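Structure, as C-alpha coordinates:
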(Lines of atoms letter the chains of each structure in order from A and count residues from 1; the text may use other names and numbers.)
(Lines give C-alpha, C1' and ligand atoms only; values in the text may rest on other atoms or scores of the structure.)
Protein backbone atom coordinates (compact mmCIF):
# COMPACT_ATOMS: atom_id res chain seq x y z
CA UNK A 1 0.00 0.00 0.00
CA UNK A 2 1.42 3.36 -1.01
CA UNK A 3 2.01 6.38 1.17
CA UNK A 4 -0.67 8.96 1.87
CA UNK A 5 -0.09 11.98 -0.36
CA UNK A 6 -1.90 14.88 -1.98
CA UNK A 7 -3.42 14.25 -5.36
CA UNK A 8 -1.24 16.97 -6.95
CA UNK A 9 1.91 15.35 -5.60
CA UNK A 10 0.85 11.91 -6.75
CA UNK A 11 0.25 13.16 -10.29
CA UNK A 12 3.58 15.00 -10.43
CA UNK A 13 5.44 11.75 -9.66
CA UNK A 14 3.26 9.45 -11.75
CA UNK A 15 4.83 7.42 -14.52
CA UNK A 16 2.25 7.09 -17.29
CA UNK A 17 3.77 3.78 -18.28
CA UNK A 18 2.48 2.34 -14.98
CA UNK A 19 -1.17 3.11 -15.72
CA UNK A 20 -3.79 2.09 -14.82
CA UNK A 21 -3.47 2.77 -11.08
CA UNK A 22 -6.13 2.38 -8.38
CA UNK A 23 -6.37 5.11 -5.74
CA UNK A 24 -8.40 5.33 -2.56
CA UNK A 25 -9.67 8.71 -1.35
CA UNK A 26 -8.54 9.17 2.27
CA UNK A 27 -9.31 12.80 3.16
CA UNK A 28 -9.61 16.26 1.73
CA UNK A 29 -12.01 18.99 0.79
CA UNK A 30 -14.02 16.96 -1.70
CA UNK A 31 -15.56 14.30 0.51
CA UNK A 32 -18.76 13.23 2.28
CA UNK A 33 -20.82 13.48 -0.85
CA UNK A 34 -19.99 17.10 -1.68
CA UNK A 35 -20.84 17.84 -5.30
CA UNK A 36 -18.93 20.32 -7.45
CA UNK A 37 -19.50 21.34 -11.00
CA UNK A 38 -16.18 21.34 -12.84
CA UNK A 39 -16.37 22.24 -16.53
CA UNK A 40 -19.79 20.71 -16.79
CA UNK A 41 -18.75 17.40 -15.20
CA UNK A 42 -20.25 16.45 -11.87
CA UNK A 43 -17.59 15.25 -9.41
CA UNK A 44 -18.26 13.74 -6.00
CA UNK A 45 -15.34 12.31 -4.01
CA UNK A 46 -16.13 10.67 -0.69
CA UNK A 47 -13.73 9.12 1.80
CA UNK A 48 -13.25 5.47 0.88
CA UNK A 49 -14.07 5.83 -2.83
CA UNK A 50 -11.80 3.95 -5.22
CA UNK A 51 -10.62 5.68 -8.40
CA UNK A 52 -8.99 4.01 -11.36
CA UNK A 53 -6.55 6.32 -13.17
CA UNK A 54 -6.51 5.32 -16.83
CA UNK A 55 -4.85 8.30 -18.49
CA UNK A 56 -3.47 11.82 -18.24
CA UNK A 57 -4.24 14.81 -20.40
CA UNK A 58 -2.22 18.02 -20.28
CA UNK A 59 -4.35 21.06 -19.53
CA UNK A 60 -1.87 23.93 -19.13
CA UNK A 61 1.76 24.84 -18.37
CA UNK A 62 2.75 27.86 -16.31
CA UNK A 63 6.29 29.32 -16.29
CA UNK A 64 7.98 31.55 -13.74
CA UNK A 65 11.28 33.41 -14.24
CA UNK A 66 13.52 33.02 -11.18
CA UNK A 67 15.24 36.39 -11.44
CA UNK A 68 12.17 38.59 -11.90
CA UNK A 69 9.41 36.34 -10.60
CA UNK A 70 7.36 37.01 -13.74
CA UNK A 71 5.08 34.15 -14.68
CA UNK A 72 2.88 33.35 -17.58
CA UNK A 73 0.96 30.38 -18.93
CA UNK A 74 1.91 28.63 -22.13
CA UNK A 75 -1.03 27.57 -24.25
CA UNK A 76 -0.90 23.86 -25.00
CA UNK A 77 -1.81 24.46 -28.63
CA UNK A 78 0.74 27.23 -29.21
CA UNK A 79 2.43 26.77 -32.59
CA UNK A 80 3.06 30.24 -34.04
CA UNK A 81 6.64 30.43 -35.40
CA UNK A 82 7.79 27.81 -32.98
CA UNK A 83 10.22 24.97 -32.92
CA UNK A 84 8.98 22.31 -30.53
CA UNK A 85 11.70 20.29 -28.86
CA UNK A 86 10.64 17.24 -26.89
CA UNK A 87 12.83 16.53 -23.88
CA UNK A 88 12.79 14.63 -20.62
CA UNK A 89 12.39 16.85 -17.59
CA UNK A 90 12.56 15.54 -14.06
CA UNK A 91 11.98 11.83 -13.86
CA UNK A 92 8.46 11.08 -15.11
CA UNK A 93 7.57 14.08 -17.36
CA UNK A 94 7.65 14.65 -21.02
CA UNK A 95 7.47 18.37 -21.72
CA UNK A 96 7.34 20.46 -24.86
CA UNK A 97 9.48 23.58 -24.75
CA UNK A 98 8.14 26.30 -27.02
CA UNK A 99 10.08 29.26 -28.38
CA UNK A 100 9.34 31.91 -30.95
CA UNK A 101 12.53 31.15 -32.81
CA UNK A 102 14.49 28.00 -33.55
CA UNK A 103 17.03 27.20 -30.83
CA UNK A 104 19.79 24.65 -30.40
CA UNK A 105 19.97 22.14 -27.58
CA UNK A 106 22.93 23.99 -25.94
CA UNK A 107 20.99 27.25 -25.66
CA UNK A 108 18.02 25.25 -24.49
CA UNK A 109 20.04 23.83 -21.60
CA UNK A 110 21.06 27.34 -20.51
CA UNK A 111 17.38 28.37 -20.58
CA UNK A 112 16.43 25.47 -18.33
CA UNK A 113 18.75 26.84 -15.66
CA UNK A 114 16.92 30.18 -15.71
CA UNK A 115 13.34 28.84 -15.68
CA UNK A 116 11.38 26.91 -13.15
CA UNK A 117 8.62 24.84 -14.73
CA UNK A 118 5.40 24.17 -12.84
CA UNK A 119 2.91 21.64 -14.18
CA UNK A 120 0.09 22.74 -12.00
CA UNK A 121 -3.03 21.52 -13.78
CA UNK A 122 -3.89 18.24 -15.36
CA UNK A 123 -7.03 16.61 -16.57
CA UNK A 124 -7.07 12.87 -16.12
CA UNK A 125 -9.77 10.31 -16.72
CA UNK A 126 -11.04 8.11 -13.90
CA UNK A 127 -13.46 5.27 -13.35
CA UNK A 128 -15.65 5.16 -10.24
CA UNK A 129 -16.25 1.96 -8.38
CA UNK A 130 -19.90 1.67 -7.38
CA UNK A 131 -19.88 2.05 -3.60
CA UNK A 132 -22.42 4.59 -2.41
CA UNK A 133 -23.54 6.43 -5.52
CA UNK A 134 -23.61 5.59 -9.19
CA UNK A 135 -21.23 7.41 -11.50
CA UNK A 136 -20.62 7.41 -15.20
CA UNK A 137 -17.75 5.22 -16.26
CA UNK A 138 -15.39 8.04 -17.33
CA UNK A 139 -15.07 11.44 -15.60
CA UNK A 140 -12.50 14.24 -16.02
CA UNK A 141 -11.38 16.68 -13.31
CA UNK A 142 -8.22 18.77 -12.65
CA UNK A 143 -5.41 17.45 -10.49
CA UNK A 144 -5.50 20.59 -8.33
CA UNK A 145 -8.24 19.18 -6.08
CA UNK A 146 -7.18 19.30 -2.42
CA UNK A 147 -7.66 15.59 -1.87
CA UNK A 148 -5.35 13.09 -0.20
CA UNK A 149 -5.11 9.70 -1.87
CA UNK A 150 -3.33 6.40 -1.39
CA UNK A 151 -2.14 4.00 -4.08
CA UNK A 152 -3.88 0.64 -3.47
CA UNK A 153 -3.23 -0.97 -6.85
CA UNK A 154 -1.50 -4.01 -5.36
CA UNK A 155 -4.35 -4.72 -2.94
CA UNK A 156 -7.12 -4.41 -5.56
CA UNK A 157 -5.59 -5.97 -8.67
CA UNK A 158 -8.60 -8.23 -9.22
CA UNK A 159 -11.14 -5.49 -8.58
CA UNK A 160 -13.71 -5.07 -11.37
CA UNK A 161 -15.01 -1.57 -11.98
CA UNK A 162 -18.60 -1.60 -13.21
CA UNK A 163 -20.11 0.58 -15.92
CA UNK A 164 -23.50 2.06 -14.95
CA UNK A 165 -25.84 2.18 -17.93
CA UNK A 166 -29.10 4.00 -18.45
CA UNK A 167 -31.90 2.25 -20.32
CA UNK A 168 -31.04 4.24 -23.44
CA UNK A 169 -27.42 3.09 -23.21
CA UNK A 170 -28.53 -0.51 -22.72
CA UNK A 171 -30.52 -0.29 -25.96
CA UNK A 172 -27.41 0.99 -27.78
CA UNK A 173 -25.08 -1.88 -26.82
CA UNK A 174 -23.95 -4.33 -29.52
CA UNK A 175 -26.52 -7.04 -30.12
CA UNK A 176 -23.78 -9.60 -29.49
CA UNK A 177 -23.85 -8.56 -25.81
CA UNK A 178 -27.26 -10.23 -25.36
CA UNK A 179 -28.57 -12.23 -23.65
CA UNK A 180 -26.79 -11.19 -20.47
CA UNK A 181 -27.30 -10.79 -16.74
CA UNK A 182 -27.66 -7.34 -15.21
CA UNK A 183 -28.05 -5.78 -11.78
CA UNK A 184 -30.24 -2.77 -10.98
CA UNK A 185 -28.12 0.02 -9.51
CA UNK A 186 -30.81 2.69 -9.27
CA UNK A 187 -34.47 1.68 -9.28
CA UNK A 188 -37.08 3.90 -10.94
CA UNK A 189 -38.33 5.27 -7.63
CA UNK A 190 -40.97 7.96 -7.89
CA UNK A 191 -41.99 6.68 -11.32
CA UNK A 192 -45.80 6.67 -11.45
CA UNK A 193 -46.26 5.58 -15.04
CA UNK A 194 -46.85 1.85 -14.61
CA UNK A 195 -49.41 -0.18 -12.70
CA UNK A 196 -48.28 -3.73 -13.45
CA UNK A 197 -46.65 -6.66 -11.68
CA UNK A 198 -43.21 -6.48 -13.31
CA UNK A 199 -42.72 -2.85 -12.29
CA UNK A 200 -42.75 -3.88 -8.62
CA UNK A 201 -39.76 -6.16 -9.31
CA UNK A 202 -37.50 -3.29 -10.44
CA UNK A 203 -35.80 -2.78 -7.09
CA UNK A 204 -32.22 -1.83 -6.36
CA UNK A 205 -29.90 -4.85 -6.27
CA UNK A 206 -32.34 -7.08 -8.20
CA UNK A 207 -30.87 -9.28 -10.92
CA UNK A 208 -32.47 -9.27 -14.38
CA UNK A 209 -32.04 -11.30 -17.55
CA UNK A 210 -31.73 -9.02 -20.60
CA UNK A 211 -32.59 -11.03 -23.71
CA UNK A 212 -32.50 -8.40 -26.46
CA UNK A 213 -33.79 -4.98 -27.46
CA UNK A 214 -35.73 -3.65 -30.41
CA UNK A 215 -38.64 -1.53 -31.61
CA UNK A 216 -42.17 -2.58 -30.65
CA UNK A 217 -45.41 -1.32 -32.16
CA UNK A 218 -47.96 -0.67 -29.44
CA UNK A 219 -51.56 0.50 -29.16
CA UNK A 220 -52.74 2.93 -26.51
CA UNK A 221 -56.11 1.83 -25.11
CA UNK A 222 -58.52 2.97 -22.41
CA UNK A 223 -61.73 1.78 -20.79
CA UNK A 224 -64.93 3.77 -20.26
CA UNK A 225 -65.16 5.55 -16.93
CA UNK A 226 -66.73 3.28 -14.34
CA UNK A 227 -66.96 2.98 -10.60
CA UNK A 228 -63.21 2.29 -10.39
CA UNK A 229 -62.37 5.08 -12.79
CA UNK A 230 -60.78 4.69 -16.20
CA UNK A 231 -58.03 2.18 -16.91
CA UNK A 232 -55.25 2.65 -19.44
CA UNK A 233 -53.15 0.06 -21.26
CA UNK A 234 -50.36 -0.17 -23.79
CA UNK A 235 -50.82 -3.32 -25.85
CA UNK A 236 -48.11 -4.88 -27.98
CA UNK A 237 -49.08 -5.56 -31.56
CA UNK A 238 -48.27 -9.24 -31.00
CA UNK A 239 -51.18 -9.59 -28.54
CA UNK A 240 -52.85 -12.93 -29.29
CA UNK A 241 -56.39 -12.38 -28.02
CA UNK A 242 -59.43 -12.11 -30.28
CA UNK A 243 -61.87 -9.21 -30.13
CA UNK A 244 -65.08 -7.96 -31.66
CA UNK A 245 -65.89 -4.44 -32.64
CA UNK A 246 -68.33 -2.86 -30.22
CA UNK A 247 -71.12 -0.55 -31.28
CA UNK A 248 -70.60 3.03 -30.17
CA UNK A 249 -73.37 5.14 -28.69
CA UNK A 250 -73.99 8.79 -29.55
CA UNK A 251 -76.04 11.38 -27.71
CA UNK A 252 -76.33 14.08 -30.37
CA UNK A 253 -76.05 14.73 -34.09
CA UNK A 254 -72.81 16.59 -33.43
CA UNK A 255 -71.27 13.42 -32.00
CA UNK A 256 -72.32 11.62 -35.16
CA UNK A 257 -70.54 14.27 -37.16
CA UNK A 258 -67.29 13.82 -35.20
CA UNK A 259 -67.41 10.03 -35.51
CA UNK A 260 -68.22 10.09 -39.23
CA UNK A 261 -65.22 12.33 -39.91
CA UNK A 262 -63.02 9.49 -38.59
CA UNK A 263 -65.11 6.61 -39.96
CA UNK A 264 -66.70 7.54 -43.31
CA UNK A 265 -69.92 5.72 -44.13
CA UNK A 266 -71.02 5.54 -40.49
CA UNK A 267 -74.37 3.79 -39.99
CA UNK A 268 -76.48 4.10 -36.85
CA UNK A 269 -79.88 3.09 -35.52
CA UNK A 270 -82.24 5.45 -33.71
CA UNK A 271 -82.89 4.22 -30.17
CA UNK A 272 -85.33 6.91 -28.95
CA UNK A 273 -88.17 8.84 -30.54
CA UNK A 274 -87.60 12.48 -31.49
CA UNK A 275 -90.48 14.82 -32.30
CA UNK A 276 -90.28 17.08 -35.31
CA UNK A 277 -89.77 20.84 -34.89
CA UNK A 278 -90.41 22.27 -38.32
CA UNK A 279 -89.48 25.83 -37.38
CA UNK A 280 -85.93 24.68 -36.58
CA UNK A 281 -85.58 22.13 -39.37
CA UNK A 282 -85.60 19.13 -37.00
CA UNK A 283 -87.29 16.07 -38.56
CA UNK A 284 -89.06 13.38 -36.58
CA UNK A 285 -87.09 10.21 -35.80
CA UNK A 286 -88.56 6.88 -34.73
CA UNK A 287 -86.99 3.97 -32.89
CA UNK A 288 -85.53 1.43 -35.30
CA UNK A 289 -84.88 3.82 -38.19
CA UNK A 290 -81.50 3.43 -39.87
CA UNK A 291 -79.33 6.43 -40.70
CA UNK A 292 -76.29 6.43 -42.94
CA UNK A 293 -74.18 9.57 -42.71
CA UNK A 294 -73.53 11.02 -46.16
CA UNK A 295 -71.89 14.35 -45.38
CA UNK A 296 -72.30 17.92 -44.19
CA UNK A 297 -74.26 20.77 -45.73
CA UNK A 298 -75.59 24.25 -44.92
CA UNK A 299 -79.39 24.23 -44.89
CA UNK A 300 -81.91 27.08 -44.78
CA UNK A 301 -83.31 27.73 -41.33
CA UNK A 302 -85.43 30.45 -39.77
CA UNK A 303 -85.72 33.81 -41.44
CA UNK A 304 -84.28 36.81 -39.68
CA UNK A 305 -85.84 40.25 -39.39
CA UNK A 306 -84.78 41.13 -42.94
CA UNK A 307 -86.51 38.07 -44.35
CA UNK A 308 -83.32 36.22 -45.27
CA UNK A 309 -83.07 32.57 -44.28
CA UNK A 310 -80.34 31.71 -41.78
CA UNK A 311 -77.89 28.96 -42.70
CA UNK A 312 -77.70 25.98 -40.35
CA UNK A 313 -74.91 23.39 -40.36
CA UNK A 314 -76.62 20.07 -40.85
CA UNK A 315 -75.68 16.42 -41.28
CA UNK A 316 -77.11 14.83 -44.43
CA UNK A 317 -78.19 11.25 -43.76
CA UNK A 318 -79.90 8.49 -45.68
CA UNK A 319 -82.94 7.41 -43.68
CA UNK A 320 -84.45 3.93 -43.96
CA UNK A 321 -86.80 1.93 -41.77
CA UNK A 322 -85.59 -1.37 -40.34
CA UNK A 323 -87.68 -4.13 -41.91
CA UNK A 324 -88.39 -7.69 -40.83
CA UNK A 325 -87.07 -10.54 -42.96
CA UNK A 326 -90.59 -11.26 -44.30
CA UNK A 327 -91.15 -7.67 -45.37
CA UNK A 328 -87.80 -7.21 -47.11
CA UNK A 329 -88.98 -9.00 -50.29
CA UNK A 330 -92.31 -7.14 -50.55
CA UNK A 331 -91.27 -3.63 -49.62
CA UNK A 332 -89.54 -1.38 -52.07
CA UNK A 333 -86.69 0.88 -51.16
CA UNK A 334 -88.35 3.78 -49.32
CA UNK A 335 -85.15 5.45 -48.15
CA UNK A 336 -84.81 9.20 -48.34
CA UNK A 337 -82.30 11.87 -47.48
CA UNK A 338 -82.87 14.03 -44.43
CA UNK A 339 -80.91 16.81 -42.82
CA UNK A 340 -80.22 16.85 -39.08
CA UNK A 341 -79.06 20.14 -37.52
CA UNK A 342 -75.86 19.69 -35.54
CA UNK A 343 -77.48 21.16 -32.41
CA UNK A 344 -80.15 18.46 -32.46
CA UNK A 345 -80.11 16.01 -29.55
CA UNK A 346 -80.77 12.34 -30.13
CA UNK A 347 -79.96 8.78 -29.16
CA UNK A 348 -78.15 6.60 -31.67
CA UNK A 349 -76.16 3.37 -31.64
CA UNK A 350 -73.64 2.31 -34.27
CA UNK A 351 -74.77 -0.41 -36.65
CA UNK A 352 -72.05 -2.98 -37.31
CA UNK A 353 -72.15 -5.13 -40.39
CA UNK A 354 -70.29 -8.16 -39.02
CA UNK A 355 -69.81 -10.20 -35.89
CA UNK A 356 -66.30 -11.33 -36.72
CA UNK A 357 -63.52 -11.86 -34.19
CA UNK A 358 -60.47 -9.85 -35.13
CA UNK A 359 -56.79 -9.94 -34.29
CA UNK A 360 -55.31 -6.76 -32.88
CA UNK A 361 -53.13 -6.34 -35.98
CA UNK A 362 -56.24 -6.34 -38.19
CA UNK A 363 -57.92 -3.58 -36.19
CA UNK A 364 -54.74 -1.53 -35.75
CA UNK A 365 -54.39 -1.26 -39.51
CA UNK A 366 -57.86 0.35 -39.79
CA UNK A 367 -58.81 3.84 -38.77
CA UNK A 368 -58.67 4.44 -35.03
CA UNK A 369 -60.22 5.01 -32.53
CA UNK A 370 -62.36 1.88 -32.29
CA UNK A 371 -64.47 0.43 -29.50
CA UNK A 372 -63.92 -3.29 -28.99
CA UNK A 373 -64.56 -6.09 -26.53
CA UNK A 374 -62.06 -8.90 -25.99
CA UNK A 375 -63.83 -12.21 -26.58
CA UNK A 376 -60.92 -14.68 -26.39
CA UNK A 377 -57.94 -14.19 -24.08
CA UNK A 378 -54.30 -14.32 -25.12
CA UNK A 379 -53.29 -17.88 -24.23
CA UNK A 380 -49.63 -16.88 -23.98
CA UNK A 381 -50.40 -14.80 -20.89
CA UNK A 382 -50.73 -16.24 -17.40
CA UNK A 383 -53.49 -13.68 -16.77
CA UNK A 384 -54.99 -11.52 -19.49
CA UNK A 385 -56.01 -8.16 -17.91
CA UNK A 386 -58.15 -7.29 -20.96
CA UNK A 387 -60.41 -10.30 -20.59
CA UNK A 388 -63.63 -9.43 -18.78
CA UNK A 389 -63.56 -5.70 -19.46
CA UNK A 390 -66.97 -4.50 -20.68
CA UNK A 391 -65.42 -2.33 -23.37
CA UNK A 392 -62.07 -1.04 -24.55
CA UNK A 393 -61.24 1.88 -26.83
CA UNK A 394 -58.23 1.46 -29.13
CA UNK A 395 -57.03 5.03 -29.48
CA UNK A 396 -53.81 5.12 -31.51
CA UNK A 397 -50.66 3.23 -32.44
CA UNK A 398 -47.08 4.22 -31.64
CA UNK A 399 -43.62 2.66 -31.54
CA UNK A 400 -41.36 2.23 -28.51
CA UNK A 401 -37.78 1.08 -28.06
CA UNK A 402 -38.03 -1.77 -25.55
CA UNK A 403 -35.66 -4.13 -23.76
CA UNK A 404 -36.92 -7.71 -23.53
CA UNK A 405 -36.40 -8.71 -19.89
CA UNK A 406 -37.21 -11.52 -17.48
CA UNK A 407 -36.50 -12.50 -13.89
CA UNK A 408 -33.87 -15.18 -13.17
CA UNK A 409 -36.42 -17.43 -11.44
CA UNK A 410 -38.72 -17.24 -14.50
CA UNK A 411 -36.34 -16.71 -17.45
CA UNK A 412 -38.92 -17.77 -20.06
CA UNK A 413 -41.65 -15.31 -18.96
CA UNK A 414 -40.59 -11.98 -20.41
CA UNK A 415 -41.82 -8.41 -20.30
CA UNK A 416 -40.86 -5.39 -22.39
CA UNK A 417 -39.28 -2.39 -20.65
CA UNK A 418 -40.11 0.88 -22.51
CA UNK A 419 -36.76 2.69 -22.61
CA UNK A 420 -37.91 6.32 -22.54
CA UNK A 421 -40.34 5.78 -19.66
CA UNK A 422 -37.93 4.21 -17.15
CA UNK A 423 -35.33 6.41 -15.44
CA UNK A 424 -33.15 3.69 -13.96
CA UNK A 425 -29.53 2.51 -14.19
CA UNK A 426 -28.08 -0.96 -14.20
CA UNK A 427 -24.85 -2.73 -15.03
CA UNK A 428 -23.98 -5.91 -16.85
CA UNK A 429 -22.65 -8.69 -14.64
CA UNK A 430 -20.65 -11.85 -15.28
CA UNK A 431 -23.29 -14.09 -13.67
CA UNK A 432 -24.23 -17.19 -15.60
CA UNK A 433 -27.49 -17.23 -17.49
CA UNK A 434 -30.21 -19.25 -15.74
CA UNK A 435 -30.27 -21.97 -18.39
CA UNK A 436 -27.81 -24.38 -19.91
CA UNK A 437 -25.59 -23.08 -22.68
CA UNK A 438 -27.08 -25.43 -25.28
CA UNK A 439 -30.76 -24.98 -24.44
CA UNK A 440 -32.30 -21.52 -24.77
CA UNK A 441 -35.81 -21.32 -23.28
CA UNK A 442 -38.93 -20.71 -25.35
CA UNK A 443 -39.90 -17.14 -24.50
CA UNK A 444 -43.41 -15.98 -23.60
CA UNK A 445 -43.83 -12.21 -23.80
CA UNK A 446 -46.25 -10.24 -21.64
CA UNK A 447 -47.99 -8.16 -24.29
CA UNK A 448 -50.31 -6.05 -22.08
CA UNK A 449 -49.03 -3.40 -19.67
CA UNK A 450 -51.39 -1.37 -17.52
CA UNK A 451 -50.31 2.25 -17.23
CA UNK A 452 -51.54 5.13 -15.11
CA UNK A 453 -53.48 8.24 -15.99
CA UNK A 454 -50.24 10.20 -15.62
CA UNK A 455 -48.65 8.10 -18.37
CA UNK A 456 -51.66 8.74 -20.59
CA UNK A 457 -51.37 12.51 -20.36
CA UNK A 458 -47.57 12.60 -20.37
CA UNK A 459 -47.61 10.54 -23.54
CA UNK A 460 -49.80 13.10 -25.28
CA UNK A 461 -47.53 15.89 -24.06
CA UNK A 462 -44.49 14.04 -25.35
CA UNK A 463 -45.86 13.63 -28.84
CA UNK A 464 -47.40 17.14 -28.79
CA UNK A 465 -50.79 15.76 -29.58
CA UNK A 466 -52.84 17.51 -26.95
CA UNK A 467 -55.74 18.73 -29.01
CA UNK A 468 -58.01 21.58 -28.16
CA UNK A 469 -61.44 20.45 -27.00
CA UNK A 470 -63.86 20.15 -29.92
CA UNK A 471 -66.01 23.21 -30.54
CA UNK A 472 -69.48 23.20 -29.13
CA UNK A 473 -72.24 22.32 -31.56
CA UNK A 474 -74.15 25.25 -33.03
CA UNK A 475 -76.62 26.80 -30.65
CA UNK A 476 -80.26 25.98 -31.08
CA UNK A 477 -82.13 28.87 -32.71
CA UNK A 478 -85.21 29.97 -30.74
CA UNK A 479 -88.48 29.19 -32.50
CA UNK A 480 -90.83 32.02 -33.45
CA UNK A 481 -93.58 30.42 -31.34
CA UNK A 482 -91.56 30.61 -28.16
CA UNK A 483 -92.67 33.15 -25.58
CA UNK A 484 -90.35 36.16 -25.52
CA UNK A 485 -88.48 36.96 -22.35
CA UNK A 486 -90.14 39.27 -19.88
CA UNK A 487 -88.72 42.71 -19.48
CA UNK A 488 -87.04 43.69 -16.22
CA UNK A 489 -89.95 46.03 -15.48
CA UNK A 490 -92.54 43.23 -15.68
CA UNK A 491 -90.32 40.96 -13.59
CA UNK A 492 -90.17 43.58 -10.83
CA UNK A 493 -93.98 43.84 -10.85
CA UNK A 494 -94.33 40.08 -10.45
CA UNK A 495 -91.82 40.17 -7.60
CA UNK A 496 -93.79 42.87 -5.77
CA UNK A 497 -97.04 40.98 -6.31
CA UNK A 498 -95.52 37.76 -4.97
CA UNK A 499 -94.27 39.47 -1.80
CA UNK A 500 -97.70 41.05 -1.23
CA UNK A 501 -99.48 37.69 -1.52
CA UNK A 502 -96.99 36.13 0.87
CA UNK A 503 -97.64 38.90 3.41
CA UNK A 504 -101.42 38.35 3.19
CA UNK A 505 -101.01 34.61 3.76
CA UNK A 506 -98.93 35.29 6.86
CA UNK A 507 -101.78 37.36 8.32
CA UNK A 508 -104.39 34.61 7.86
CA UNK A 509 -105.80 33.02 11.03
CA UNK A 510 -104.86 29.41 11.65
CA UNK A 511 -107.94 28.76 13.76
CA UNK A 512 -109.78 27.11 10.91
CA UNK A 513 -107.25 24.29 10.82
CA UNK A 514 -107.61 23.46 14.52
CA UNK A 515 -110.99 21.80 14.18
CA UNK A 516 -111.88 18.60 12.37
CA UNK A 517 -111.60 18.97 8.65
CA UNK A 518 -114.85 18.37 6.76
CA UNK A 519 -114.85 15.35 4.43
CA UNK A 520 -114.45 15.93 0.75
CA UNK A 521 -117.69 15.98 -1.24
CA UNK A 522 -118.41 12.86 -3.34
CA UNK A 523 -117.73 13.16 -7.03
CA UNK A 524 -120.62 13.56 -9.43
CA UNK A 525 -122.10 10.32 -10.69
CA UNK A 526 -121.61 11.25 -14.36
CA UNK A 527 -117.82 11.80 -14.04
CA UNK A 528 -115.62 8.86 -15.05
CA UNK A 529 -112.84 7.78 -12.64
CA UNK A 530 -110.59 6.12 -15.29
CA UNK A 531 -106.99 7.53 -15.15
CA UNK A 532 -104.62 7.83 -18.12
CA UNK A 533 -102.33 4.84 -18.60
CA UNK A 534 -99.55 5.16 -21.18
CA UNK A 535 -99.21 2.43 -23.75
CA UNK A 536 -96.02 0.55 -24.31
CA UNK A 537 -95.31 2.49 -27.45
CA UNK A 538 -95.73 5.80 -25.62
CA UNK A 539 -93.52 4.87 -22.67
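Residue numbers (the numbering used here): 1 to 539. The beta-carbon is built from N, C-alpha and C at its ideal position, and this holds for glycine as well. Predicted model, so just to flag it, every value in this text is computed and none were measured.
Membership of residue 184 in the beta strand (DSSP E) is indicated by the continuous run 180 to 186. Under the three-state reduction of DSSP, residue 10 is assigned to helix. Assignment of residue 168 by DSSP, reduced to helix, strand and coil, places it in the helix class. Between residue 232 and residue 374, the C-beta gap is not smaller than 8 Å, which leaves the two residues out of contact. The beta-bridge partner set that DSSP reports for residue 347 is empty. Going by C-alpha positions, residue 356 is about 50 Å away from residue 430. Distance check between residue 397 and each of 145, 218 and 250 places 218 closest, using alpha-carbon atoms only. Excluding sequence positions up to five before and after residue 361, its CB lies within less than 7 Å of the CB of 237, all in the same chain and listed in chain order. Secondary structure of residue 454 (DSSP, three-state): helix. Assignment of residue 273 by DSSP, reduced to helix, strand and coil, places it in the coil class. DSSP lists 53 as the beta-bridge partner residues of residue 21. Residue 226 and residue 438 have their alpha carbons spaced roughly 50 Å apart. The beta carbons of residue 290 and residue 301 sit no closer together than 8 Å. Between residue 154 and residue 4, the beta carbon gap of about 15 Å keeps them out of contact (Cβ cut-off 8 Å). DSSP, reduced to helix, strand and coil, places residue 420 within a helical segment of the structure shown. Within the DSSP bridge table, the entry for residue 156 names no partner. The Cβ-Cβ distance between residue 459 and residue 220 falls below 8 Å. Counting C-beta pairs with one atom in each stretch, the segment 374 to 388 and the segment 415 to 434 have fewer than three that are closer than 8 Å, which means they do not touch.
Taking C-alpha positions only, residue 321 is separated from residue 288 by approximately 7 Å. Residue 8 has its alpha-carbon roughly 8 Å from the corresponding atom of residue 146.
Each residue's CA atom was taken as its position, placing residue 461 and residue 209 some 32 Å apart.
Following the DSSP letters along the chain, one finds residue 371 inside the beta strand (DSSP E) bounded by residues 370 to 376. Burial state of residue 349 is exposed, judged by a 10 Å Cβ sphere holding fewer than 16 other Cβ atoms. Residues of the same chain with a CB within less than 6 Å of the CB of residue 377, apart from the 5 flanking positions on each side, are 241, 384 and 387 in chain order. Residue environment: residue 248 is assigned as buried (16 or more neighbouring CB atoms within 10 Å of its CB, all protein chains considered). Relative to the Cα of residue 338, the nearest Cα in the group 344, 45, 318 and 270 belongs to 318.
In the three-state scheme derived from DSSP, where H, G and I count as helix and E and B as strand, residue 257 is classed as helix.
When DSSP states are grouped into helix, strand and coil, residue 362 belongs to the helix group. Two segments are said to touch when three or more pairs of C-beta atoms, one from each, lie closer than 8 Å; by this definition the segment 420 to 435 touches the segment 182 to 189.
Between the alpha carbons of residue 296 and residue 211 lies a distance of about 53 Å. Measuring C-alpha to C-alpha distances from residue 52 to each of 27, 151, 315 and 347 identifies 151 as the nearest. In the three-state scheme derived from DSSP, where H, G and I count as helix and E and B as strand, residue 387 is classed as coil.
Counted as a single uninterrupted DSSP element, the beta strand (DSSP E) harbouring residue 444 occupies residues 444 to 446. In the displayed model, residue 435 falls within coil according to three-state DSSP, outside both helix and strand.
For the 8 Å CB-CB criterion, residue 316 and residue 294 form a contact.
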